[in-house]
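Engineer:
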Amino acid sequence: MNLSRVRAVAAQDFLDVRRARLVQGVASMYVLFVTAVFAGLTLTSEPSVPTGIEIARAIAILFVPLVALIAGYLAVAGERESGTIRFLLGYPVTRNEVVVGKILSRMGIVLLSILVGFVLATVAVLVEYPEPNLGMLWGFAALTCLFALSYVGVAIGISAATATRSRAMTAVISVYFVFTVMWNAVPPLVQFVANYLFDVTLDGTLWMLFSSLAPPRAFGLSLSALPGDAVQAPPVLGWETGVILLVLWAVGPILLGYWWFSRSDVE
Amino acid sequence: MPAIEVSALTKRFGEVRAVEDLSFTVEEGEVFGFLGPNGAGKSTAINVLLGYMSPTSGGAKVLGHDVVEESRAIRERTGVLPENVSVYDRLTGREHVESAIRMKGVDDDPQALLERVGIADAADRRAGGYSTGMAQRLALATALVGEPDLLVLDEPQSGLDPTGMQDVREIVREEVRNDTTVFFSSHILPEVEAVSDRVGMMRRGEMAAVDTVGSLRDRLSAGTVLTATMADPLPDTRTIDAIDGVRAVSTDGATVTVTCRTDRSKVDVISALERVGRITDFTIEETSLEELFNIVTGEQTEETADATDEAVQPATADGGVAR
Numbered sequence: 001m002n003l004s005r006v007r008a009v010a011a012q013d014f015l016d017v018r019r020a021r022l023v024q025g026v027a028s029m030y031v032l033f034v035t036a037v038f039a040g041l042t043l044t045s046e047p048s049v050p051t052g053i054e055i056a057r058a059i060a061i062l063f064v065p066l067v068a069l070i071a072g073y074l075a076v077a078g079e080r081e082s083g084t085i086r087f088l089l090g091y092p093v094t095r096n097e098v099v100v101g102k103i104l105s106r107m108g109i110v111l112l113s114i115l116v117g118f119v120l121a122t123v124a125v126l127v128e129y130p131e132p133n134l135g136m137l138w139g140f141a142a143l144t145c146l147f148a149l150s151y152v153g154v155a156i157g158i159s160a161a162t163a164t165r166s167r168a169m170t171a172v173i174s175v176y177f178v179f180t181v182m183w184n185a186v187p188p189l190v191q192f193v194a195n196y197l198f199d200v201t202l203d204g205t206l207w208m209l210f211s212s213l214a215p216p217r218a219f220g221l222s223l224s225a226l227p228g229d230a231v232q233a234p235p236v237l238g239w240e241t242g243v244i245l246l247v248l249w250a251v252g253p254i255l256l257g258y259w260w261f262s263r264s265d266v267e
Numbered sequence: 268m269p270a271i272e273v274s275a276l277t278k279r280f281g282e283v284r285a286v287e288d289l290s291f292t293v294e295e296g297e298v299f300g301f302l303g304p305n306g307a308g309k310s311t312a313i314n315v316l317l318g319y320m321s322p323t324s325g326g327a328k329v330l331g332h333d334v335v336e337e338s339r340a341i342r343e344r345t346g347v348l349p350e351n352v353s354v355y356d357r358l359t360g361r362e363h364v365e366s367a368i369r370m371k372g373v374d375d376d377p378q379a380l381l382e383r384v385g386i387a388d389a390a391d392r393r394a395g396g397y398s399t400g401m402a403q404r405l406a407l408a409t410a411l412v413g414e415p416d417l418l419v420l421d422e423p424q425s426g427l428d429p430t431g432m433q434d435v436r437e438i439v440r441e442e443v444r445n446d447t448t449v450f451f452s453s454h455i456l457p458e459v460e461a462v463s464d465r466v467g468m469m470r471r472g473e474m475a476a477v478d479t480v481g482s483l484r485d486r487l488s489a490g491t492v493l494t495a496t497m498a499d500p501l502p503d504t505r506t507i508d509a510i511d512g513v514r515a516v517s518t519d520g521a522t523v524t525v526t527c528r529t530d531r532s533k534v535d536v537i538s539a540l541e542r543v544g545r546i547t548d549f550t551i552e553e554t555s556l557e558e559l560f561n562i563v564t565g566e567q568t569e570e571t572a573d574a575t576d577e578a579v580q581p582a583t584a585d586g587g588v589a590r
């Protein structure tokens with residue numbers, strides 16, 4: 001892998017994607033949300049960082065995946081659909097440089113929007129909060145970034161493995177519904193089926209790990225790392241498990257997607 | 268060392284054989300025209316050469332490097348103009364070229380390249396608003412970045428107007444003067460004829476013929492057909508028949524039709540006719556490469572069928588031309 005070529009891919013992609021209206025839209029909406037929560041709390045009698053985190057977390061769980069998936073799902077599939085990939089692969093870049101460049105650019109744009117939101121939130125906290133607990137705020141910011149990266153990873157993995165926009169879109173929408181919107185219903189459903197059909201009772205640590213598999217759950221777990229008691233520590237599984245799961249989500253799908261992309265024919 | 272060396276290359280998509288046992292060689296510094304009707308497998312072959320696709324069996328070397336193992340080394344020295352090029356809509360022309368310069372790790376001047384392909388005045392507009400011809404020119408500019416040793420132009424004429432085609436020809440000639448090998452595919456014959464040293468004609472995944480344009484014509488065609496209208500019918504045509512390079516002569520009243528194999532013989536025929544009578548009018552028709560192409564590839568599209576009829580009729584009407 002040649003770093004200057006990875007940079008060239010990332011630079012071109014960043015230039016391209018930051019001009020995409022949809023990406024501009026969702027990214028600035030996230031900035032607005034974070035800022036609005038922490039700035040809005042100053043209107044209450046006693047604004048506190050833990051309260052802000054509680055609200056921001058609820059919004060983040062639905063909204064961060066959306067921003068990340070939209071920012072990432074066309075990374076490779078979009079170029080294959082439009083045919084610009086023939087430009088890119090005509091240059092002396094390898095497919096792993098393409099994927100890594102795309103990761104840098106797409107993760108960069110998502111992180112940028114999250115960080116801008118938290119910088120503005122920091123200003124609000126410093127100026128108006130009686131207890132400006134910045135350590136906690138930025139701990140939350142860091143974990144939100146990791147949460148976002150897990151979804152960018154999923155989106156780029158899917159994008160690398162698909163040749164058309166519509167397939168990539170179908171796949172990320174499925175991921176969004178199964179792992180984000182409906183995950184609360186999935187473990188009980190599995191439990192019910194196991195119990196009813198196979199007479200197996202699912203419990204124990206492994207079962208809890210499965211229940212926490214979806215990135216929003218893993219994100220929730222990881223938040224127990226924050227100082228103070230903003231978020232309740234769950235039993236058995238520590239915050240480290242949450243972080244490890246998020247890292248696996250950020251990396252695993254990309255590796256699978258790259259493996260697929262590296263062996264496919266580009267039209 | 269040959270610039271391109273394809274050996275027994277086969278590429279299948281499931282049951283479909285896009286390229287079958289293809290072998291050919293392109294020498295360094297030559298312009299090689301890669302001809303064939305749409306669907307003959309030209310693009311698939313190019314896709315394999317550039318590493319977009321991997322071969323099912325067989326292989327190829329480009330600039331001495333294996334297309335599967337050393338694709339990057341190939342693309343470091345190769346400029347690519349993809350078929351049906353689509354540009355990045357949200358990037359300007361200049362940004363495309365600047366990006367190509369970064370990707371190739373060279374130090375070219377974007378402005379000079381944009382001027383060379385004739386889109387300098389649109390350089391700072393987003394390429395999404397470019398016409399097909401402008402997008403094609405832009406893609407050519409990125410292909411020229413880094414002074415490549417090999418230019419691969421896949422259907423460069425698609426979407427270009429006549430001026431654009433003229434410009435592409437001019438750039439190809441300039442590149443050849445700089446010792447660049449040019450490999451370009453096309454289904455538009457006059458374009459290939461105008462710039463190629465040699466042509467390879469593909470037909471259903473296989474190479475039907477590889478030769479210079481001139482000797483292909485010699486091998487496959489009737490040659491040049493000269494038709495002269497005389498003031499009076501000729502008494503006999505033996506003197507014309509005897510001219511070196513004349514293949515066949517026929518008469519129809521005052522009209523004489525002579526098939527010549529060499530350029531010199533055309534001049535000799537004209538002066539011989541002037542000696543025996545008075546020429547009131549004459550026409551010369553080259554057998555078009557189009558006709559050769561149809562003979563070799565066995566393809567007859569409606570458009571080319573008409574062109575073939577026109578080219579052949581004056582000669583065959585009298586049955587005087589051996590084919």
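Top line first, the protein sequences correspond to chains F and X. Each residue of the first sequence is one higher than the last, beginning at 1 in the working numbering. Each residue of the second sequence is one higher than the last, beginning at 268 in the working numbering. Note that CB positions come from ideal geometry on N, CA and C, so glycine has one too.
Compile a chain-ordered list of the residues in the region 72-89 of chain F whose CB is closer than 7 Å to at least one CB of chain X.
Structural biologist: Answer set for the region 72-89 of chain F: Ser-82, Gly-83, Thr-84, Arg-86, Phe-87 and Leu-89.
Engineer: With distances taken from CA atoms, which of X:Leu-501, X:Ala-521 and X:Val-492 is nearest Arg-514 of chain X?
Structural biologist: Looking at the Cα atoms, X:Val-492 is the closest of the given residues.
Engineer: If the cut is a Cβ gap below 8 Å, which residues of chain F does Asn-351 of chain X touch?
Structural biologist: Near Asn-351 of chain X (Cβ distances below 8 Å), the residues of chain F are Gly-83.
Engineer: Whose C-beta lies closer than 8 Å to the C-beta of Tyr-30 of chain F among residues of the same chain, with five residues either side of it excluded?
Structural biologist: Excluding positions up to five away in sequence, the list reads Phe-63, Val-64, Val-67, Ser-113, Ile-114 and Gly-117.
Engineer: Return the residue from the list F:Ala-214, F:Thr-164 and F:Arg-167 that minimises the CA-CA distance to Met-182 of chain F.
Structural biologist: The shortest Cα separation from Met-182 of chain F among F:Ala-214, F:Thr-164 and F:Arg-167 belongs to F:Ala-214.
Engineer: For Gly-372 of chain X, name the three-state secondary structure that DSSP assigns.
Structural biologist: The answer is coil: DSSP assigns Gly-372 of chain X none of H, G, I, E or B.
Engineer: Within the 9 Å Cβ cut-off, does Leu-3 of chain F reach chain X?
Structural biologist: False, the Cβ-Cβ gap to chain X never drops below 9 Å.
Engineer: Give the straight-line distance between the Cα atoms of Gly-385 of chain X and Asp-288 of chain X, rounded to the nearest whole angstrom.
Structural biologist: Rounded to whole angstroms, Gly-385 of chain X to Asp-288 of chain X spans 40 Å at the Cα level.
Engineer: Anything in chain X within Cβ reach of Leu-15 of chain F, meaning under 9 Å, just list it in chain order.
Structural biologist: What Leu-15 of chain F touches in chain X: Tyr-355, Arg-357, Leu-358, Glu-362 and Ser-366.
Engineer: How long is the line joining the alpha carbons of Tyr-397 of chain X and Ser-452 of chain X, rounded to whole angstroms?
Structural biologist: Answer to the nearest angstrom: the Cα atoms are 23 Å apart.
Engineer: Would you verify that the beta carbon of Arg-57 of chain F is, or is not, closer than 9 Å to some beta carbon of chain X?
Structural biologist: No, Arg-57 of chain F does not count as interfacial toward chain X.
Engineer: Which residues of chain X have a Cβ atom closer than 7 Å to the Cβ of Ala-8 of chain F, listed in chain order?
Structural biologist: Within chain X, the residues near Ala-8 of chain F are Ser-366, Arg-369 and Met-370.
Engineer: Let me make sure I understand the geometry here. Which of X:Gly-400, X:Ile-368, X:Ala-461 and X:Glu-422 has the alpha-carbon closest to that of Pro-415 of chain X?
Structural biologist: Nearest of X:Gly-400, X:Ile-368, X:Ala-461 and X:Glu-422 to Pro-415 of chain X, Cα basis: X:Ile-368.
Engineer: If we define contact as Cβ-Cβ less than 9 Å, is Ala-20 of chain F a contact residue for chain X?
Structural biologist: Output row for Ala-20 of chain F: interface = yes.
Engineer: For the alpha helix (DSSP H) that contains Glu-552 of chain X, what are its first and last residues?
Structural biologist: From DSSP, Glu-552 of chain X is part of no alpha helix (DSSP H) but of the beta strand (DSSP E) over 546-552.
Engineer: Please state whether DSSP places Ser-366 of chain X in a helix, a strand or coil.
Structural biologist: Three-state DSSP puts Ser-366 of chain X in a helix.
Engineer: Assign Gly-400 of chain X to one of three DSSP states: helix, strand, or coil.
Structural biologist: Reduced to three states, the DSSP call for Gly-400 of chain X is helix.
Engineer: Considering only DSSP beta bridges, list what Thr-506 of chain X is partnered with.
Structural biologist: Thr-506 of chain X is not bridged to any residue.
Engineer: Hey, out of F:Arg-5, F:Ala-141, F:Phe-177 and F:Asp-13, whose CA is closest to Gly-72 of chain F's CA?
Structural biologist: Cα-wise, what sits closest to Gly-72 of chain F is F:Asp-13.
Engineer: In the DSSP assignment, the alpha helix (DSSP H) including Thr-430 of chain X goes from what residue to what residue?
Structural biologist: Start and end: 429-444.
Engineer: Using the beta-carbon count (16 or more within 10 Å), is Thr-547 of chain X buried or exposed?
Structural biologist: Exposed: under 16 other Cβ atoms inside 10 Å.
Engineer: Would you verify that the beta carbon of Arg-263 of chain F is, or is not, closer than 9 Å to some beta carbon of chain X?
Structural biologist: Arg-263 of chain F counts as touching chain X.
Engineer: Quick one: Cα of Gly-360 of chain X to Cα of Leu-380 of chain X, how far?
Structural biologist: Going by the C-alpha atoms only, they are around 11 Å apart.
Engineer: So is Phe-261 of chain F buried or exposed if we call it buried at 16+ other beta carbons inside 10 Å?
Structural biologist: Phe-261 of chain F comes out buried.
Engineer: Is the CB of Gln-24 of chain F under 9 Å away from at least one CB in chain X?
Structural biologist: By this cut-off, Gln-24 of chain F is not an interface position.
Engineer: Compute the minimum distance between the beta carbon of Ile-244 of chain F and the heavy atoms of the ligand PLP, and state whether it is under 8 Å.
Structural biologist: For the structure depicted, the ligand PLP is absent and the ligand set is empty, with no information on it obtainable.
Engineer: Interface residues of chain X around Val-266 of chain F at Cβ under 8 Å?
Structural biologist: Those are Asn-314, Tyr-319 and Met-320, listed as they occur along chain X.
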